[in-house]
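There are 2 protein chains.
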Amino acid sequence: MHRDTRQRRAIRRALEEAGHPLSPQELLDLAQEEVKSLGIATVYRNIRALQDDGWLETVELPGEPPRYEVAGKGHHHHFHCRDCDRVFEVEGCPGNIQAITPDGFKLERHEFVLYGLCDSCTGS
Amino acid sequence: MHRDTRQRRAIRRALEEAGHPLSPQELLDLAQEEVKSLGIATVYRNIRALQDDGWLETVELPGEPPRYEVAGKGHHHHFHCRDCDRVFEVEGCPGNIQAITPDGFKLERHEFVLYGLCDSCTGS
DNA sequence: GGGTTCTTGATTATCTTTTCCCAAGAACCC
DNA sequence: GGGTTCTTGGGAAAAGATAATCAAGAACCC
């Protein structure tokens, strides 16, 4: 069904090597290091294809277009650096979430987003 | 500087009475109950004006266009109902957030979003 | 009450992100 | 190797949200 193309390999490799969620544009820039003719339409097409395969997951952050990361990483959250605009993974999950859920509401899932400066951007 | 118009009064009242964040379209629908000729452009204009006055705050949720709520409510988070698509306020804040921040990262703020069914939509 | 200035409503424009289109090129299979 | 089918690249187009334009209407001030 899906063919093994240079473009698709470059896109997959960029996502694996980045190790953190990438926007379509970031993904294009990284994958173009391997296949410089790569176009943005191909990035979007492959994002969809890899999502359909279950290989890729969408990371939505408030007020931002979606980013994408390799699927199957288990429960985690994200840290958004306000300086370099990159998104990092955060292990673990804070305290008792059910406790703050209003009475009568059914909690099904949650998202947690940290903001600040990443280790590369703390100018100290 | 700012004049006291029927439209602006209706928009403010809708936000106050709703008691939870509203999208521009939700705001239009509610304020039209009072001023039926109200147009969407006026809603957007007044959102900006009320933000500039510090009366209104933006609520950004993952993968959603912004909603707006009356400013000055103190720290809180939000619950997004997947059925009616409305957003509710959540009091309190879970456990130790600093504890899960990666080493070397500077935590400045955080957002927390709960998902599930609100009390009106739990069909039980 | 009347003039000045701000605001409104409707439409059009803009902006950003994502998808479509299609001819050219590449992968796969026998 | 050659044919079939899928994929690509680039530009045009769609989609959704927000802003600009402008004539008409409303608020404010004396």
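If you're matching them up, the sequences are chains A and B in order. So for the first sequence, my numbering puts the first residue at 30; every next one is plus one. So for the second sequence, my numbering puts the first residue at 30; every next one is plus one. Ideal Cβ placement from N, Cα and C applies to all residues, glycine included.
Test item: CB-CB of B/Leu85 and B/His109 under 7 angstroms: Cβ atoms of B/Leu85 and B/His109: not closer than 7 angstroms.
Boundaries (first-last residue) of the alpha helix (DSSP H) holding B/Arg42: First-last of the alpha helix (DSSP H) with B/Arg42: 35 to 47.
A/His139 Cβ short of 6 angstroms to the ligand SAM heavy atom set: The ligand SAM is not part of the structure shown, which contains no ligands of any sort.
CB-CB length for B/Ile129 against A/Val142, believed under 8 angstroms: Between B/Ile129 and A/Val142 the beta-carbon gap is near 12 angstroms, outside 8 angstroms, which marks them as no contact.
N-terminal and C-terminal residue of the alpha helix (DSSP H) that B/Thr71 is part of: Annotation: the continuous alpha helix (DSSP H) that includes B/Thr71 extends over 69 to 81.
DSSP state of A/Glu118 mapped onto helix, strand, coil: Here A/Glu118 sits in strand by DSSP.
Alpha helix (DSSP H) segment containing A/Glu55, residue limits: Residues 53 to 60.
Validate contact between the region 72 to 79 of chain B and the region 49 to 63 of chain B using beta carbons, cut 8 angstroms, 3 pairs: A contact exists between the region 72 to 79 of chain B and the region 49 to 63 of chain B.
Chain-ordered neighbours of A/Ile129 on chain B, where CB pairs are closer than 9 angstroms: Here the neighbours are His106, Val119, Glu120, Gly121, Cys122, Pro123, Phe141, Leu143.
Neighbourhood of A/Val64 by C-beta distance below 8 angstroms, restricted to the same chain and skipping five residues each side: Correct list, in chain order: Arg35, Gln36, Ala39.
CB of A/Ser52 within 7 angstroms of CB of A/Arg96, strictly: It is a contact, given that the beta carbons lie within the stated cut-off.
Closer than 7 angstroms to chain A by CB, B/Asp148: It does; some Cβ of chain A falls within 7 angstroms.
Element boundaries [beta strand (DSSP E), containing B/Cys110]: Its beta strand (DSSP E) spans residues 106 to 110.
Reference A/His104, options A/Val88, A/Arg42, A/Arg115, closest by Cα: Comparing Cα positions, the closest option is A/Val88.
Interface residues of chain A facing B/Gly48 [CB-CB closer than 9 angstroms]: By Cβ distance, chain A contributes nothing, its closest Cβ being about 13 angstroms from B/Gly48, past 9 angstroms.
Which residues DSSP lists as bridging B/Gly145, in chain order: In DSSP, B/Gly145 forms a bridge with A/Leu136, B/Cys110.
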